[in-house]
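Peer 1: Residue numbers (my numbering), protein chains in the order written: chain A, 1 to 388; chain B, 1001 to 1388.
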């Protein structure tokens, strides 16, 4: 293992990770840590969804009827987060600001309350921990809530992590594990020879060979990079998001506060994140007046003190979204070609389970059962493919 | 005249202008152009209100009962704008994007319509050109207006100028007229000897002598710089303001559109400015979530297509505001010390008249009669002062 690390620069990598968002870096870190000689290619640029994510680790908020496979995987990944964060902090030699302030999912009128109670039924069926509270009980927990709050679900296990701090720690951990990151290196094409992936051609024309290739290019995974037969149906879904901070000492809430239309994430350092719009308009990162207006209006409706915060940043990210809103993680029909993508709004939440799955596939261990139903095979056009 | 210019670097300036916003630069330009050896001190920094101003030249929108002196001056300055812009463009050898798209002041309900009709009475009395239009007539002029628009005033003479482009042209014109601008040069104190201003002490301790000193430091004019007896009661009133641009070809309106709570200024190059909040909270330039929310909400109420615009910038500026909302322009009780400040929300609008007044005072010409009632004397504690 240590020999491989020393020689990583000179020999063909065992794993080429295309993409340096939270998914690519998490997989690269776990792979390198397991002794796989790994090279990460980072295209750079402004499209990285992880940079602008709110960093909610809130599977209860994501539970939807008819998405059980996704939900089971999300719960497993949320459970894996504390040890993932602990190991990452140790490897990176840097704190990872993961914490569990809990969440309050609130209803602002009777219709929303009825819907939230219906979701609560689903939670019970899935065995999730959440308690129904009356409006006054919600306000006792979070005194900043608007008086219109008609009821809510307290979910004490829900967590958050600052994605920028997380990305920084992942980069340090990747390096500490002996892997290399090549910056400003975009991939134009994956090379396939006789049903096996053999390497990539970079945007500058250079060719890189590798034993295995992991595609973790977020919203770009559905693009020209991959051959037709294994190209996942991933499309960009823009999310506009705001970063704010208190002007004094007080923050608007202690827990994650979530409504049907908006969420408010308070960080330990005082930062407050308000997200996120959802819009299908291609590779367009422009922040609209309407999106910002909607976020501020809805946040103000639930937590009026939000109006007092300083507005620091209005940005947008592109969620990599599949037709069933669930990720595609695992082997493809092309041998040596792996996918870790389509995480929609759950990239941060799903990073630990995704990285565990990719590590298992690379080292021959048993991959997490929760990801079985989320393999790329469900979208492939040539289901006879046999995999890596 | 040409001798003085050539020697400006080496000899004591005849005029030291403290402040390089639109007022300071306009006065410096006119003074230098008239042959006065001029040095401008620019403190730099982010506080310059001119940088974030909307650049409306819309005296009708500013007309208020009981502010006749201000209004007469505003009208005179608006009338002076075309020749000011023309001369500036010639001296700067650069276009000045002054234009007159006209304005539509609209009412969004019957109460606002009643108030706007009352203002229209005032306009008639002041001899202003404005026509009352029904809601449908407003929408014929500006099809993007919300159907709730109940009526409005068309003011075809109202104009706008991009203040950043204006500042750039002023700097070029100041230099072309032979004056010098010293960057990053803050003034700590004005020196007074025997009732006459003799120079300034810079923040770095350096002393600069001058025959006359013009204070044009915006919201800072009420601070420690000036001796008590001539310090004008100028306070900062923050205004938050947004800059946007169309994502396609279409802009939300052709004219300046103004309601009781917001204005929307379309520029020739496509930029759209939405302003501005008003708040008394000292030297605090932080943009609040509540301020941005209010601007977007009110702009959306009157021009729904604003929601489609890309949001480029949320900033704030500090209006230099006096107790009667009118500027203080002219000589003070200390000989050789002049003031050009307190322009509140009318700095761009009032620049030509202010610069003409200062030029007249420096060259011994007759100052514009419209500024007589706006002299610093009205706020001075020692009215027996005789002036410069």
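Glycine residues also receive a C-beta, built at the ideal position from the N, C-alpha and C atoms.
Interface residues of chain A around residue 985/B at Cβ under 7 Å?
Peer 2: Missing from the structure shown is residue 985/B; chain B here goes from 1001 to 1388 and no further.
Peer 1: If we count the other Cβ atoms within 10 Å of its Cβ and call it buried at 16 or more, is residue 174/A buried or exposed?
Peer 2: Residue numbering aside, residue 174/A sits at position 174 when the first chain is read from its first letter. Buried.
Peer 1: Suppose you measure from the CA of residue 964/B to the CA of residue 1372/B; what does that come to, to the nearest Å?
Peer 2: Within the shown structure, residues of chain B are numbered from 1001 to 1388, placing residue 964/B beyond reach of any answer.
Peer 1: Quick one, are the C-beta atoms of residue 1245/B and residue 1298/B less than 8 Å apart?
Peer 2: Position 245 of the second chain, counted from the start, is the residue given in the question as residue 1245/B. Position 298 of the second chain, counted from the start, is the residue given in the question as residue 1298/B. No. Outside cutoff.
Peer 1: Looking at the strands, I want to know which residues DSSP matches up with residue 1159/B.
Peer 2: Counted from its first residue, the second chain places residue 1159/B at position 159. Per DSSP, 1057/B.
Peer 1: Using a Cβ cut-off of 8 Å, pull out every chain B residue sitting near residue 300/A, in sequence order please.
Peer 2: Reading the first chain from its first residue, position 300 is the one you call residue 300/A. Under the 8 Å cutoff, chain B gives 1289, 1290, 1293.
Peer 1: Tell me whether residue 1300/B sits in a helix, a strand or coil according to DSSP, three-state version.
Peer 2: Taking the first residue of the second chain as 1, we reach residue 1300/B at position 300. Helix at residue 1300/B.
Peer 1: What residues in its chain sit with their C-beta under 8 Å from that of residue 1361/B, if we drop five residues either side in the sequence?
Peer 2: In the second chain, counting from the first residue as 1, residue 1361/B sits at position 361. Excluding positions up to five away in sequence, the list reads 1330, 1331, 1338, 1367, 1388.
Peer 1: Could you spell out the range, first to last residue, of the alpha helix (DSSP H) harbouring residue 1117/B?
Peer 2: Along the second chain, one-based indexing puts residue 1117/B at 117. It spans 1110-1126 - the alpha helix (DSSP H) in which residue 1117/B sits, taken as one unbroken run.
Peer 1: What is the DSSP secondary structure of residue 1197/B, counted as helix, strand or coil?
Peer 2: Residue 1197/B sits at position 197 when you count from the first residue of the second chain. It is a strand residue.
Peer 1: Which residues in chain B have a C-beta closer than 8 Å to the C-beta of residue 286/A? List them in chain order.
Peer 2: The residue given as residue 286/A occupies position 286 in the first chain. Chain B residues near residue 286/A: 1247, 1310.
Peer 1: Taking residue 986/B and residue 1354/B to be in contact with their CB atoms under 8 Å, please state how far apart those CB atoms are, rounded to whole angstroms.
Peer 2: The first residue shown for chain B is 1001 and the last is 1388, placing residue 986/B beyond what the model contains.
Peer 1: Can you name, in chain order, every residue of its own chain whose Cβ lies under 7 Å from the Cβ of residue 1199/B, other than the five neighbours on each side?
Peer 2: Within the second chain, numbered from 1, the residue matching residue 1199/B stands at position 199. Once the five neighbours on either side are set aside, the close Cβ partners of residue 1199/B are 1191, 1207, 1208, 1209, 1210.
Peer 1: Note down, in chain order, each residue of its chain lying with its Cβ closer than 6 Å to the Cβ of residue 189/A, except the 5 sequence neighbours on either side.
Peer 2: Working through the first chain from its first residue, we reach residue 189/A at position 189. If we look at residue 189/A and ignore the five residues flanking it on each side, its Cβ neighbours are 201.
Peer 1: So is residue 1296/B in contact with chain A if we call contact Cβ pairs under 8 Å?
Peer 2: Translated into the one-based positions of the second chain, residue 1296/B becomes position 296. Cβ-Cβ to chain A under 8 Å: yes for residue 1296/B.
Peer 1: What three-state label does DSSP hand residue 71/A in the structure shown?
Peer 2: Translated into positions along the first chain, residue 71/A becomes position 71. Looking at residue 71/A - three-state DSSP - the assignment turns out to be helix.
Peer 1: Measuring alpha carbon to alpha carbon, tell me which residue in 231/A, 21/A, 101/A is nearest residue 256/A.
Peer 2: Start at 1 with the first residue of the first chain, and residue 256/A comes out as number 256. Of the candidates 231/A, 21/A, 101/A, the one whose C-alpha sits nearest the C-alpha of residue 256/A is 101/A.
Peer 1: Would you be able to state if there are at least three C-beta pairs under 8 Å between the segment 232-252 of chain A and the segment 71-81 of chain A?
Peer 2: no
Peer 1: For the ligand NAD, I want to know if residue 316/A counts as a neighbour, meaning its beta carbon is within less than 7 Å of at least one of the ligand's heavy atoms.
Peer 2: Of ligands this structure carries none, so the ligand NAD is not represented either.
Peer 1: Using alpha carbons as the reference points, say which of 104/A, 177/A, 76/A, 99/A lies closest to residue 127/A.
Peer 2: Position 127 of the first chain, counting from 1, holds the residue named residue 127/A. If you compare the alpha carbons of 104/A, 177/A, 76/A, 99/A with that of residue 127/A, the shortest gap goes to 76/A.
Peer 1: Which value, in whole angstroms, describes the spacing of the CA atoms of residue 98/A and residue 333/A?
Peer 2: In the first chain, the residue the question calls residue 98/A occupies position 98. In the first chain, the residue the question calls residue 333/A occupies position 333. Taking the straight line from one Cα to the other gives about 36 Å.
Peer 1: Which same chain residues end up closer than 6 Å to residue 1005/B when comparing Cβ atoms and leaving out the 5 residues on each side of it in sequence?
Peer 2: Here residue 1005/B corresponds to residue number 5 of the second chain, with the count starting at 1. For residue 1005/B, the predicted model reports a pLDDT of 34, less than 50, meaning its position is unreliable; a value from the coordinates is still stated below. Closer than 6 Å at the Cβ level, and outside the excluded window around residue 1005/B, lie 1178.
Peer 1: Can a CB atom of chain A be found closer than 8 Å to the CB of residue 1314/B?
Peer 2: Indexing the second chain from 1 puts residue 1314/B at position 314. Yes, residue 1314/B counts as interfacial toward chain A.
Peer 1: List in chain order: all unbroken beta strand (DSSP E) runs of 3+ residues lying wholly within the segment 295-373 of chain A.
Peer 2: If we require 3 residues or more, the beta strand (DSSP E) runs fully inside the segment 295-373 of chain A come out as 310-321, 328-331, 337-341.
Peer 1: Can you list the residues of chain B that residue 244/A reaches, using a CB-CB cut of under 8 Å?
Peer 2: Here residue 244/A corresponds to residue number 244 of the first chain, with the count starting at 1. Residue 244/A reaches chain B at 1289, counting residues in chain order whose Cβ is nearer than 8 Å.
Peer 1: Helix, strand or coil for residue 1210/B, going by three-state DSSP, please let me know.
Peer 2: By 1-based counting over the second chain, the position of residue 1210/B is 210. Of the three classes helix, strand and coil, the one that applies to residue 1210/B here is coil, per DSSP.
Peer 1: Is there contact here, the segment 47-54 of chain A with the segment 13-32 of chain A, by at least three beta-carbon pairs under 8 Å?
Peer 2: yes
Peer 1: Return the CA-CA distance between residue 1152/B and residue 307/A, expressed in angstroms with no decimal places.
Peer 2: Within the second chain, residue 1152/B is the residue found at index 152, counting from 1. Within the first chain, residue 307/A is the residue found at index 307, counting from 1. In a straight line, the C-alpha of residue 1152/B is about 31 Å away from that of residue 307/A.
Peer 1: Which residues in the same chain have their Cβ closer than 7 Å to the Cβ of residue 1223/B, if we skip the five residues on either side of it in sequence?
Peer 2: Numbered from its first residue, the second chain carries residue 1223/B at position 223. Correct list: empty, nothing qualifies.
Peer 1: Among 1180/B, 1162/B, 1139/B, which one has its Cα closest to the Cα of residue 1269/B?
Peer 2: Walking along the second chain from the start, residue 1269/B turns up at place 269. Taking each of 1180/B, 1162/B, 1139/B in turn and checking the Cα distance to residue 1269/B, the smallest one comes out for 1162/B.
Peer 1: Quick one: measure Cβ to Cβ for residue 212/A and residue 380/A, integer angstroms, because I've assumed they're closer than 8 Å.
Peer 2: Residue numbering aside, residue 212/A sits at position 212 when the first chain is read from its first letter. Residue numbering aside, residue 380/A sits at position 380 when the first chain is read from its first letter. So it is not a contact: roughly 18 Å between Cβ atoms.
Peer 1: Roughly how many angstroms separate the alpha carbons of residue 1045/B and residue 130/A, rounded to a whole number?
Peer 2: To locate residue 1045/B, count along the second chain from 1; it is residue 45. To locate residue 130/A, count along the first chain from 1; it is residue 130. One C-alpha to the other measures close to 51 Å.
Peer 1: Whole angstroms is fine: what's the gap from residue 1103/B's alpha carbon to residue 85/A's?
Peer 2: Taking the second chain and counting its residues from 1, the one referred to as residue 1103/B is at position 103. Taking the first chain and counting its residues from 1, the one referred to as residue 85/A is at position 85. Roughly 58 Å between the two C-alpha positions.
Peer 1: When the distance is taken between beta carbons, is residue 1323/B closer than 8 Å to residue 1218/B?
Peer 2: As a working note, residue 1218/B is residue 218 in the second chain. As a working note, residue 1323/B is residue 323 in the second chain. Going by C-beta atoms, residue 1218/B is not nearer than 8 Å to residue 1323/B.
Peer 1: Does the separation of the CB atoms of residue 1034/B and residue 1359/B fall below 8 Å?
Peer 2: The count along the second chain starts at 1 and reaches residue 1034/B at position 34. The count along the second chain starts at 1 and reaches residue 1359/B at position 359. In contact: residue 1034/B and residue 1359/B (Cβ atoms closer than 8 Å).
Peer 1: How would you label residue 1110/B, buried or exposed, when you count the other beta carbons within 10 angstroms and need 16 or more for buried?
Peer 2: For this step, residue 1110/B is matched to residue 110 along the second chain. Burial call: exposed.
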